[in-house]
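Line order of the protein sequences matches chains A, B, C and D. Per this note's numbering, numbering through the first sequence is continuous, rising by one, with the last residue being 89. Per this note's numbering, numbering through the second sequence is continuous, rising by one, with the last residue being 89. Per this note's numbering, numbering through the third sequence is continuous, rising by one, with the last residue being 89. Per this note's numbering, numbering through the fourth sequence is continuous, rising by one, with the last residue being 89. All C-beta atoms in this analysis are idealised placements derived from N, C-alpha and C, irrespective of residue type, glycine included. Predicted, not measured: the structure shown is a model, and the values here were computed from it.
There are 4 protein chains.
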Amino acid sequence: MSQHPGYADSKADHLKRLRRIEGQVRGLQRMVEEEQYCIDVLTQISAATKALQSVALGLLDEHLGHCVADAVRSSGPHGGPEADAKIREASDAIARLVRS
Amino acid sequence: MSQHPGYADSKADHLKRLRRIEGQVRGLQRMVEEEQYCIDVLTQISAATKALQSVALGLLDEHLGHCVADAVRSSGPHGGPEADAKIREASDAIARLVRS
Amino acid sequence: MSQHPGYADSKADHLKRLRRIEGQVRGLQRMVEEEQYCIDVLTQISAATKALQSVALGLLDEHLGHCVADAVRSSGPHGGPEADAKIREASDAIARLVRS
Amino acid sequence: MSQHPGYADSKADHLKRLRRIEGQVRGLQRMVEEEQYCIDVLTQISAATKALQSVALGLLDEHLGHCVADAVRSSGPHGGPEADAKIREASDAIARLVRS
């Protein structure tokens, strides 16, 4: 891991989105506290889930373009174990996202 | 909407889970703030997403067993528009969950 | 299980959609056979997955409106084990869909 | 597109999986034809969906390791438009998978 992760440039944007998601989750607590209608709570959960996935897809795109691409470039013309490991790690993270 | 939603009995449990999810989302903000490794952030996002889906599935189960079942029962032996509307509404919420 | 499942009326429609999905899966085999571009294969897989989910959501809506509603109605004004079992079974199927 | 897509080596394996999925979809048609119980049909649809996603994740892993890595390597030490385009295209395919 470098000191500068792939998402350094868009850090402020990710933080803004995560703070908005925190607000959505607090809003969900208020809805449940006030015993609001189940379907309305479910609609809000779907919105928060989509917002989390959207942050994940943004991070992943930057990870491929920075960390993975750097590992590929520094592994020379025929690839190598470091590049392979980075790609496997990214694939595993994608699988977790697809299945969650 | 009745004064007692389907999830009245398990309200405390849902609130506990939602507070834990709020903690996960705040943890995500800290990870991004500290520029932690992308893949570790993604793993935490998958965990928070799964936790949100789990709350949604619990609410939906109770909604079917209370609100939808009540509408079916009070609509008489051959069903009726109110029961149909409740089932359609639940199906739409399920579709949003499956697609989110 | 009755002789008439919830989806009896829309059986022809489900069969038509499933035959179209079978065509999509055969198309995928042809694409892989011809070594077509990975991304194009992935786009087709996403389309087939969405089509399968759409059949599932249709079946589930009918299942709630017929099998589950019938069990609720025949279990009397306070519910009963048969209705509870049907709702639990439907919730489990929904959870499998959301997580797949 | 090159003559050798990223999945050339595992083509036989992907074809075998896709033929098994075709069999699952034909099995689904038979189940609906015979009016089998809705929940059993749904269980089979979840299985076929997971199998399709699994093929997609395999193709994506190979695509990252071959097509994307090749584009990154041939774009030189500072990246370039071809590598960027490949990564964007892969990210878009991942987003479609996550959302389907």
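May I ask which residues mark the beginning and end of the alpha helix (DSSP H) holding residue i?
i: Pro70/A; result: 70 to 88
i: Val14/D; result: 0 to 22
i: Leu31/D; result: 27 to 52
i: Ala58/A; result: 58 to 63
Measuring alpha carbon to alpha carbon, tell me which residue in the options is nearest residue i.
i: Val30/A; options: Pro70/B, Ile76/B, Lys0/B; result: Lys0/B
i: Ser43/C; options: Ala84/B, Tyr(-4)/B, Lys5/B, Gly12/B; result: Ala84/B
i: Ile76/C; options: Leu48/B, Val87/B, Ser64/B, Gly68/B; result: Leu48/B
i: Ala(-3)/B; options: Val57/B, Cys27/B, Glu51/B; result: Glu51/B
i: Val57/D; options: Asp73/A, Leu46/A, Ala45/A; result: Asp73/A
i: Met20/D; options: His3/C, Gln13/C, Glu78/C; result: His3/C
i: Ala45/A; options: Gln18/B, Glu71/B, Pro70/B, Leu86/B; result: Gln18/B
i: Ala82/C; options: His55/D, Ile28/D, Thr38/D; result: Ile28/D
i: Ala37/D; options: Glu11/D, Gly68/D, Gly69/D; result: Glu11/D
i: Gly68/D; options: Arg88/A, Glu71/A, His55/A, Tyr26/A; result: His55/A
i: Leu104/D; options: Asp59/C, Val61/C, Thr32/C, Ser80/C; result: Nothing can be reported for residue 104/D: it is not among the residues displayed for chain D, which extend from -10 to 89.
Please tell me whether residue i has its Cβ less than 8 angstroms away from any Cβ of chain A.
i: Asp73/D; result: yes
i: His3/B; result: yes
i: Ser(-9)/D; result: Caution is warranted here: a pLDDT of 46 is assigned to Ser(-9)/D, below 50, making its placement in the model unreliable, and no coordinate value can be reported.
i: Ser89/B; result: yes
i: Leu7/D; result: no
i: Cys27/B; result: yes
Report yes if the CB atom of residue i is closer than 8 angstroms to the CB atom of residue j, and no otherwise.
i: Arg6/C; j: Ala40/C; result: yes
i: Glu22/C; j: Pro(-6)/D; result: no
i: Ser89/B; j: Ser35/A; result: yes
i: Ala60/D; j: Leu53/A; result: no
i: Arg62/B; j: Arg62/C; result: yes
Verify the CB distance criterion: does residue i have a CB-CB separation below 8 angstroms to chain B?
i: Ser35/C; result: no
i: Gly54/C; result: yes
i: Gly(-5)/A; result: yes
i: Leu86/C; result: yes
i: Leu94/C; result: Since the displayed chain C opens at -10 and closes at 89, residue 94/C lies outside it and no answer follows.
i: Ala60/A; result: no
i: Gly69/A; result: no
For chain C, is any of its Cβ atoms less than 8 angstroms away from the one on residue i?
i: Val14/D; result: yes
i: Ile76/B; result: yes
i: Ile83/B; result: yes
Return no unless some Cβ of chain D is closer than 8 angstroms to the Cβ of residue i.
i: Ala40/A; result: no
i: Ser(-1)/A; result: no
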